[in-house]
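Novice:
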Amino acid sequence: MGATVALQKAFVPKFGLDLAGGTTVTLSPVTANGKAPSQESLDRAVTIIRQRVNGTGISDAQVAKSNDNIVIQIPGAGREEALRLVSTTAELRMRQVLAVAAAKAPPAQVPTAAPTPSGSAAATPAATSKASTPARESAAPNGNATPAGRALSKALTAPSPEPSTSTRATTHHRAGAGTARGARAKASPSAAPSPTPTASPEDTSDPLAGQDTSGIDPALLTEFRKIDCTAKNRGQGAIDDPNKQIVACSDDGSARYILDKAAVQGTEISGAQAGTDPTTGEWIVQVDFKSKGATQFADITRRITSLPAPRNQLANVLDGVVIVAPTIEEAIPGGSARISGSFTQKTATELADQLKYGALPLKFQQSSVVSVSSTLGQDQLNGGLISGALGLIVVMIYLLLYYRGLGLIGIASLGVATVFTYLTVDVLSHNAGFRLSLPHIIGLVVSIGITADSFIVYFERIRDEIKEGHRTLRSAVEVAWRRARRTILVADAVMFIAAVVLFYLAVGDVAGFAFAMGLTTLIDIVVVFLFTKPLMSLVARLRFFAKGHKLSGLDAERMGRTSPAEQTLQEA
Amino acid sequence: MPGVISRLYRGDINIDFVGKRKIWYGLSVFLLAVSILGLALNGLNLGVEFRGGSVFDFKRTPGSSLEQVRETVADAGVHQVIVQQAGPNWRVTTESLKADEVTKVQQAVAQKYGTTKDQVSSQVIGATWGGEVSQKAWIGLAVFMIAIMLYLSVAFEWRMALAAIVALVHDLVITAGVYAWSGFEVTPATMLGFLTILGYSLYDAVVVFDMIKEVTGKLGTSAKMTYTQAANNALSHTLIRSLNTSLVAILPVAAILFIGTTLLGAGTLKDLSLALFVGMIVGTYSSLCVATPILVTLKEREPKWQALAQRVHAKQVSAAKAAAKEPVSAGSQNVTTTTEKRKKR
Chain A
1 MGATVALQKA
11 FVPKFGLDLA
21 GGTTVTLSPV
31 TANGKAPSQE
41 SLDRAVTIIR
51 QRVNGTGISD
61 AQVAKSNDNI
71 VIQIPGAGRE
81 EALRLVSTTA
91 ELRMRQVLAV
101 AAAKAPPAQV
111 PTAAPTPSGS
121 AAATPAATSK
131 ASTPARESAA
141 PNGNATPAGR
151 ALSKALTAPS
161 PEPSTSTRAT
171 THHRAGAGTA
181 RGARAKASPS
191 AAPSPTPTAS
201 PEDTSDPLAG
211 QDTSGIDPAL
221 LTEFRKIDCT
231 AKNRGQGAID
241 DPNKQIVACS
251 DDGSARYILD
261 KAAVQGTEIS
271 GAQAGTDPTT
281 GEWIVQVDFK
291 SKGATQFADI
301 TRRITSLPAP
311 RNQLANVLDG
321 VVIVAPTIEE
331 AIPGGSARIS
341 GSFTQKTATE
351 LADQLKYGAL
361 PLKFQQSSVV
371 SVSSTLGQDQ
381 LNGGLISGAL
391 GLIVVMIYLL
401 LYYRGLGLIG
411 IASLGVATVF
421 TYLTVDVLSH
431 NAGFRLSLPH
441 IIGLVVSIGI
451 TADSFIVYFE
461 RIRDEIKEGH
471 RTLRSAVEVA
481 WRRARRTILV
491 ADAVMFIAAV
501 VLFYLAVGDV
511 AGFAFAMGLT
521 TLIDIVVVFL
531 FTKPLMSLVA
541 RLRFFAKGHK
551 LSGLDAERMG
561 RTSPAEQTLQ
571 EA
Chain B
573 MPGVISRLYR
583 GDINIDFVGK
593 RKIWYGLSVF
603 LLAVSILGLA
613 LNGLNLGVEF
623 RGGSVFDFKR
633 TPGSSLEQVR
643 ETVADAGVHQ
653 VIVQQAGPNW
663 RVTTESLKAD
673 EVTKVQQAVA
683 QKYGTTKDQV
693 SSQVIGATWG
703 GEVSQKAWIG
713 LAVFMIAIML
723 YLSVAFEWRM
733 ALAAIVALVH
743 DLVITAGVYA
753 WSGFEVTPAT
763 MLGFLTILGY
773 SLYDAVVVFD
783 MIKEVTGKLG
793 TSAKMTYTQA
803 ANNALSHTLI
813 RSLNTSLVAI
823 LPVAAILFIG
833 TTLLGAGTLK
843 DLSLALFVGM
853 IVGTYSSLCV
863 ATPILVTLKE
873 REPKWQALAQ
883 RVHAKQVSAA
893 KAAAKEPVSA
903 GSQNVTTTTE
913 KRKKR
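Which chain is which? The protein sequence lines are A and B, in order. Each residue of the first sequence is one higher than the one before, counting from 1 in this note's numbering. Each residue of the second sequence is one higher than the one before, counting from 573 in this note's numbering.
#1: According to the neighbour-count rule (16 or more other Cβ atoms, all chains shown, within 10 Å of its Cβ), is A714/B buried or exposed?
#2: Looking at the secondary structure, which residues open and close the beta strand (DSSP E) in which Y257/A lies?
#3: May I have the straight-line CA-CA distance separating S637/B from P865/B, to the nearest angstrom?
#4: Three-state secondary structure (DSSP) at M797/B?
#5: Measure the C-alpha to C-alpha separation of L538/A and G851/B and round it to an integer number of angstroms.
#6: May I ask you to list, following chain order, the residues of the region 432 to 444 of chain A that have a beta carbon less than 8 Å from some beta carbon of chain B?
#7: Mind reading off the beta-carbon distance from G702/B to K676/B? Whole number of angstroms is fine, and I expect it under 8 Å.
#8: Distance, Cα to Cα, A511/A vs K550/A?
#9: List, in order along the chain, the chain A residues whose C-beta lies closer than 8 Å to that of F716/B?
#10: Provide the residue span of the beta strand (DSSP E) that contains N316/A, from first to last.
#11: Whose Cβ in chain B lies nearer than 8 Å to the Cβ of S475/A?
#12: Distance cutoff 8 Å, beta carbons only. Does T520/A sit that close to anything in chain B?
#13: Determine, using beta-carbon pairs with one atom in the region 318 to 332 of chain A and one in the region 247 to 255 of chain A, whether at least three such pairs fall under 8 Å.
#14: Provide the residue span of the beta strand (DSSP E) that contains I587/B, from first to last.
#15: What residues of chain A sit near I629/B, judged by a beta carbon separation below 8 Å?
#16: Using only the alpha-carbon positions, how far apart do S250/A and C229/A sit?
#17: Might you give, ordered along the chain, the residues of its own chain that have their beta carbon closer than 8 Å to the beta carbon of P161/A, omitting 5 neighbours on each side?
#18: If you measure beta-carbon to beta-carbon, which residues of the region 478 to 495 of chain A are closer than 8 Å to chain B?
#19: Taking 8 Å as the threshold (beta carbon to beta carbon), is L17/A in contact with chain B?
#20: Which one or two residues does DSSP pair with Q273/A in a beta bridge?
#21: Just to confirm before moving on: does the CB-CB distance between Q380/A and L98/A stay below 8 Å?
#22: Measuring straight from C-alpha to C-alpha, what distance separates A315/A and A151/A?
#23: Using DSSP bridges, identify the partner residues of K689/B.
#24: Using beta carbons (cut-off 8 Å, strictly below), is P634/B in contact with chain A?
#25: What is the DSSP secondary structure of P373/A, reduced to helix, strand or coil?
#26: Which residues in chain A have a C-beta closer than 8 Å to the C-beta of Y775/B? List them in chain order.
#27: What's the call for F602/B, buried or exposed, on a 16-neighbour Cβ count within 10 Å?
#28: On the DSSP bridge assignment, give the partners of S66/A in chain order.
#29: If we call anything under 8 Å between Cβ atoms a contact, is L880/B one with L807/B?
#30: When the Cβ atoms of the region 769 to 786 of chain B are set against those of the region 752 to 761 of chain B, are three or more pairs found closer than 8 Å?
#31: Are the beta-carbon atoms of Q96/A and A263/A separated by less than 8 Å?
#32: Just reading off the beta strand (DSSP E) that T665/B is part of, what are its end residues?
#33: At 7 Å on the CB atoms, spell out the chain B contacts of F513/A, in chain order.
#34: E643/B CB to nearest chain A CB: under 8 Å?
#35: Fully enclosed by the region 773 to 817 of chain B, which alpha helix (DSSP H) runs are 4 residues long or longer?
#36: Determine, using beta carbons only, whether G335/A and D288/A come nearer to each other than 8 Å.
Written as C-alpha cells, this is what we have:
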C-alpha cells in the first residue's frame with residue numbers, strides 16, 4: 001500500500017500556487033533614481049526575507065529572485081502572519097543596553113572561543129598579544145567578532161575627528177592604541193574599560209554576575225539566562241514592541257543583550273551613509289536624524305554616556321536582532337552621529353543600508369499579491385488539463401483524417417512526446433524544485449502544435465519525394481528526412497530563441513510559459529530524431545505503406561501521381 | 573468544391589500569391605491603417621493588472637445577483653466596485669486595497685454567501701506593476717527581433733530576415749488593432765500571447781523560406797523561370813504544409829480558448845489563448861501574403877535576378893511568337909514541368 005501511494009506521489013508533479021492554492025507576493029525594489037538595484041543587495045534581501053518566513057515556522061514557503069523582483073510563495077490559506085512579515089520592512093529601533101553576555105554560557109576552556117564577543121576574546125592570549133601591534137590591527141579581531149565593538153560619536157568633530165577604534169578594547173588595548181597613535185588617543189576620553197566584564201571566562205555560572213540588574217524586568221532576567229544565541233533561530237523576524245524591554249541576540253550570534261525600551265525609532269533616521277574618515281582613512285558610518293529623532297538621540301546619548309559599561313551602549317535592533325551596539329562616547333546633539341570601529345567598506349555599506357532601509361537592503365513595494373483559493377486553483381488545473389487533452393485529441397484526429405496511415409505515426413510520436421514531457425516535468429518537480437503552474441500548462445498545450453508541425457513538415461516532404469518519382473518509399477523516406485531535418489531544426493531554433501529571450505527578460509507568468517515552450521521545443525527535436533524518423537524507416541518496409549495502400553496516406557489517387565510501386569514497375 | 577479540396581490535398585493548386593502582391597500589399601496596408609486608427613481612437617482596454625487595483629474571485633452561489641454582490645462588497649467599505657460574471661465565478665474588481673481591507677471584503681463575502689474567507693481568491697496589484705510588465709515585454713520584443721534578425725541572416729540571408737521581421741510587425745500591429753476595436757481586455761496574459769505570436773509567425777515563414785531557398789537555389793543562368801515565379805511555385809508547393817501547420821497550431825489554442833471561456837470564464841487561459849488565436853490567424857495570412865511577396869520584391873532588385881527576369885521574359889516572348897505560329901501552345905507552366913522531369917532522369 002505504502003509503496004503504491006509513494007509511486008503515485010512520484011508520478012504526480014508538484015503544482016504551483018495558482019493550481020494548488022496559496023499566496024504569491026511580488027515585491028519590486030524602489031530605488032531613488034529608478035535604476036536597477038545591485039544583484040548583491042537583492043540576494044541579501046532574499047536571504048533576509050527567507051529567514052523571516054522560516055522564522056515563523058513555515059517551511060514550505062519559497063522566496064526567490066525573479067529578475068529584479070522578489071517573489072514569495074506561501075502555499076495554503078490563512079497565512080496572514082507570514083504575509084504581514086514579508087511585506088513589512090522591519091523597523092530599526094535604538095535601545096539602551098542594560099546587560100550583555102556571551103551568546104551562551106561558555107565552556108570552561110574559553111580561550112579558544114574565538115567567535116564569542118570581544119569581551120572574552122580580549123582576555124584570550126591571542127588578543128592580548130595582538131594588543132602590542134598597532135591599534136588598527138588589534139581592533140580587527142575584536143571589532144569583527146562582535147558588532148558591539150564600535151563607538152558612536154559626534155559627526156565631524158573637526159579638531160580630533162578620530163574617536164577610539166574600538167571602545168571594546170581592554171585598558172591594555174587602549175594603552176597600545178595610545179602609544180601607536182600618540183596624541184590622537186585623547187579622542188576617546190570616555191572610553192569604557194571592558195564593557196562586558198561578565199563575559200570573561202571565570203563567570204561561566206551566571207551571565208549576569210557582576211552586572212547591574214536594576215530596572216530590568218525580572219521575567220527578562222530569567223529569559224536572558226535561558227536564551228541561546230548560538231542557536232539557528234535567534235529570533236529574527238520578531239516584531240518587537242518599542243515600549244517594552246527585550247532580550248535580543250547579536251546578528252552574528254555571538255552575544256546576548258537585555259535592552260531597554262526604544263529610545264529612537266528607525267523612522268526618525270533621515271539617512272545613513274558609509275564613508276571614510278578624512279584624517280585616518282578608516283571606514284565609518286554617518287547617521288543623520290530627523291528633527292524629533294535628533295532630540296531623542298541627543299537625550300539618550302546625554303543620559304547614558306556617563307554610565308558604566310555596558311549601559312553606555314546604544315543597541316540598534318532590526319528584526320529583533322542587534323546589528324550594532326556602539327558605546328556612546330559623548331552626548332551627541334545636532335542630529336548627526338557617526339559609528340566607527342574597524343569597518344571594511346563592505347561592512348560599513350551594509351550597516352548604512354540597514355540603518356537606512358530597515359532590515360532589507362532595499363526598499364520594496366508590493367507589486368502584486370495574488371492569493372488563489374484551493375477551489376479556484378482546482379478549477380484552473382482542471383481547465384488546463386481538459387484543454388490539454390482536448391487539444392491533443394483534436395490534433396490527433398486531424399492528423400488521422402488528413403494523413404491516414406502516416407497520421408498514426410504522428411499520433412504515436414505525439415504520444416511519446418506527451419509521455420516524455422510529463423516525465424520531464426515530473427522529474428524536474430521532484431528533483432529541481434520545479435512547480436507546474438497554469439502558464440506552464442498553457443505553454444505545453446500550445447506546444448502540441450509545434451511538435452505536430454515537425455511531423456507535418458516531414459510527412460509533406462515524403463509525399464513530395466514520392467510525387468517527384470522516388471523508386472521506393474524507403475528511399476523517399478531517407479531523402480525526405482535529409483531535407484525536412486534542416487527545416488525542422490531551423491524552425492525549432494526560432495521557437496527556442498523566442499523561448500530563451502522571453503525566459504530571461506520577462507516578468508512573472510511569462511517566464512513559466514517560455515520555459516514550457518523551450519522545453520517542448522527540445523523534446524520535439526529529440527522525439528522527431530529518435531522516434532519519428534526511425535519509426536518511419538521501419539514502417540517504410542511494410543507492404544501497407546510501401547504499396548501505397550488507400551489508407552496509408554500515400555496512395556496514388558490522393559497524391560495525384562502514380563503510386564511508388566506502380567512507378568517502380570513502369571520504370572523497370 | 574470537392575475538386576478544390578482534393579487538388580489542395582494533392583498540392584496541385586497554383587495561386588499566384590506573389591504575382592498579385594500589389595493586392596496583398598494593399599490589403600495589408602489597409603488593415604494596418606485600420607488597426608493604427610483603432611489604437612489611436614480607442615486605445616487598448618487595459619486590465620486591472622495595468623491600472624492597479626484589487627480583484628476577488630469566488631464561486632457563484634445560486635440566487636446571488638450581481639447587484640447583491642456589489643452591495644455586499646461596497647458595504648465592506650470599498651469604492652469603485654465592478655462585478656462581472658466569469659464562468660462559474662463572480663469576479664469583483666475594486667480599487668487597490670490594503671491587506672486588512674482585502675481581509676474585510678473576503679470576510680464580508682464569505683459570510684454572505686456561506687463560504688470561508690479562504691475560498692475567496694484575491695489579487696492586489698500595485699499601479700506600477702503593469703508598467704514593469706510591459707516595459708519588460710518591450711525589451712523582450714526588441715531583443716527577440718534582433719536575435720531573430722541575426723539568426724535568419726546567418727541561416728538564410730538578410731533579405732529573408734527583413735521580410736520575416738516585417739511580417740512579424742505586421743501581425744503584432746493587426747492583432748493589437750483587433751484588440752483595440754473589439755475592446756477585449758489586455759492583461760499580462762495577453763501580452764504573453766502577443767509575444768508568443770512572434771514564434772509562430774516566424775515558424776511558417778521559415779518553412780516557406782526554406783523551400784524558396786531550395787527551389788531558387790537550382791535556378792541557373794539558363795533557367796526558364798524568374799525568381800518571382802520560382803518563389804511562387806515554392807509557395808504553392810508549401811501551401812498545404814503552411815495551412816496544415818497553422819491549423820494544427822491553432823487547434824490546441826482553440827481548445828484552450830473554448831475551455832477558458834466556457835469553464836473558467838476569465839483569467840489567464842482565456843486571455844492568452846484569445847491573443848494567440850487572433851495572432852495565429854493573422855500570422856498564417858502574413859506568412860503567405862506578406863513575408864514572401866516582400867522577399868520577392870527585395871530579391872528582384874538584385875542584378876542577378878533582374879538579369880534572369882529579362883532573359884526569361886525575352887524567351888517567353890519568343891515562345892509566344894512561336895506558339896502563335898504553331899497550333900500547340902507551350903505555356904510557361906508546362907515548360908517548367910518538362911524541365912523538372914528532364915532533370916530527374
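Glycine residues also receive a C-beta, built at the ideal position from the N, C-alpha and C atoms. Treat the numbers as computed from the prediction; the structure is a model and nothing was measured.
Specialist: Taking the geometry as given:
#1: exposed
#2: A255 to Q265
#3: 55 Å
#4: coil
#5: 38 Å
#6: L438, P439 and I442
#7: Actually they do not touch by this definition, with Cβ atoms about 25 Å apart.
#8: 46 Å
#9: I497, A498, V501 and L502
#10: L314 to L318
#11: Ordered by position in chain B, no residue passes the 8 Å Cβ test against S475/A, which lies about 13 Å from the chain.
#12: no
#13: yes
#14: Neither: I587/B is in no beta strand (DSSP E) and is coded neither H nor E.
#15: For clarity, residue 629/B is Asp in the given sequence; the question names Ile instead. Correct list: S373 and L376.
#16: 8 Å
#17: The pLDDT assigned to P161/A is 37, lower than 50, so where the model puts this residue is not dependable, and the model offers no usable value.
#18: R483, R486, T487, V490, A491, A493, V494 and M495
#19: no
#20: Q286/A
#21: no
#22: 11 Å
#23: Answer is none; K689/B lacks a bridge partner.
#24: no
#25: Here the sequence assigns Ser to residue 373/A, which means Pro is not the residue at that position. DSSP places S373/A in coil when its eight states are reduced to three.
#26: I450, D453, A491, V494 and M495
#27: exposed
#28: N69/A
#29: no
#30: no
#31: yes
#32: N661 to T666
#33: L764
#34: no
#35: none
#36: yes
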